[in-house]
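Last residue of the sequence shown: 308 (this note's numbering), numbering continuous.
Every residue gets a Cβ at the ideal spot worked out from N, C-alpha and C, and that includes glycine.
See below for the structure under consideration.
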Amino acid sequence: MKPFTWKRQVCLITGATGGIGEAIAIALAEKGASLILTGRNHEKLSALLSVLPGHHTLVCADITQPEGIDKVLSVCRAKAPTMLINNAGVAVTGDFTQTPEADIGRVITTNLVAPIILTQRLLPLLRHAKEAHVINVGSTFGSIGFPCHSLYCASKFGLRGWTESLMREYVNTGVRFLYLAPRATRTSINSSAVVEMNEALGNQMDEPAEVADALITQVEKGQRRRFLGLPEMLFARINGAFPGLVDRALIKKLPTIQQFMSSTEKETML
Ligand SMILES: NC(=O)c1ccc[n+]([C@@H]2O[C@H](COP(=O)([O-])OP(=O)(O)OC[C@H]3O[C@@H](n4cnc5c(N)ncnc54)[C@H](OP(=O)(O)O)[C@@H]3O)[C@@H](O)[C@H]2O)c1
């Protein structure tokens, strides 16, 4: 098999209009990959396309809708994709009992059901390539149940478990499944309340370009799982082995978390 090069990659990136998606698109275009960029905002997609080096394709689609997935697939059939980056995501934070029912479906569908369906539909095309990648963008909160982020955590825990299962199921095929878990990152998914909460808790926030660099290294090194931030990675591991320790640490922080998360602002994340 020829060695991996970005110049031979055709990468479908969901959520390309967002902070992390845009940074990934710029980084991969600079490496010479050919991109299929998706999001719901046509203006933002066009603006991104106009600054990227190379030739790329955009598809404006809502991936939570069957017709949105169909639209993405019909473009992909003509492009022979080798990589799917499931990056689109939304978040809702705050008191669970106050969360509107519609937000429950929106978070779980966007962050978990849509990547699962898109991946299942795209796999026959990916399997045409000798070597293909599916990279699922999770979160530190896919390993740590964080108060006032229950729906987001549910979606990202699900994404991590689903990725791990496929990593093992597809080990003898040419398709590699990778899981990338950013920690808090400076993008518009985080409301000002979340940013203030992170500052009050002393949580570091990365720049989107750092997440893009991590994704590149992860793919090049073939790392199945990558967690950004040493303290967050250790905290996630401790939570897996000794959850009681993390219960105590987070329960101590609960008043601070609730102080910021019980505000009226709902749309956020980590
Ligand atoms: N920022 C953080 O602190 C952080 C930390 C850990 C993990 N993450 C994860 O990183 C990923 C990217 O987040 P971000 O920080 O870059 O957030 P962002 O700036 O808000 O971007 C979210 C992206 O998702 C797209 N999207 C949302 N709903 C969609 C739908 N129904 N159909 C198609 N596209 C949809 C948005 O595009 P349109 O609005 O154009 O549709 C946008 O491009 C997410 O999976 C997030 O959970 C973020």
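The beta strand (DSSP E) enclosing residue i, as first and last residue numbers
i: A219; result: V213 to A219
Distance CB(residue i)-CB(residue j) smaller than 9 Å
i: R165; j: V213; result: yes
i: L216; j: I173; result: yes
i: T178; j: L266; result: yes
i: V249; j: M299; result: no
i: L197; j: P246; result: no
i: L75; j: A61; result: no
i: V110; j: V97; result: yes
i: L253; j: P185; result: no
i: M243; j: R221; result: yes
i: D251; j: A65; result: yes
Contact test: residue i Cβ vs ligand 1 heavy atom, cutoff 8 Å
i: G176; result: yes
i: D285; result: no
i: A99; result: yes
i: Y217; result: no
i: N210; result: no
i: F179; result: yes
i: I58; result: yes
i: N277; result: no
i: V172; result: no
Residues bridged to residue i (per DSSP)
i: R264; result: L218
i: M121; result: C49 and H171
i: I74; result: L50 and T95
i: T223; result: D244
CA-to-CA distance, residue j to residue i, given in whole angstroms
i: H50; j: V257; result: Going by the sequence as given, residue 50 is Leu instead of His. So the two alpha carbons sit approximately 15 Å from each other.
i: H171; j: V209; result: 12 Å
i: I123; j: L239; result: 31 Å
i: A140; j: N149; result: 14 Å
i: G143; j: K40; result: 43 Å
i: L163; j: A118; result: 7 Å
i: I155; j: I107; result: 8 Å
i: R263; j: H93; result: 30 Å
Continuous alpha helix (DSSP H) stretch holding residue i: start and end
i: I142; result: E139 to I146
i: I254; result: P246 to K259
i: A116; result: No alpha helix (DSSP H) contains A116, which DSSP labels as neither H nor E.
i: P185; result: It is not in any alpha helix (DSSP H) - P185 carries neither H nor E in the DSSP assignment.
i: P178; result: The sequence shown places Thr at residue 178, rather than the Pro named in the question. Looking at the DSSP string, T178 is not in any alpha helix (DSSP H), and its letter there is neither H nor E.
i: S88; result: H80 to V89
i: M299; result: P281 to M299
i: S230; result: S230 to L239
i: G59; result: G57 to E68
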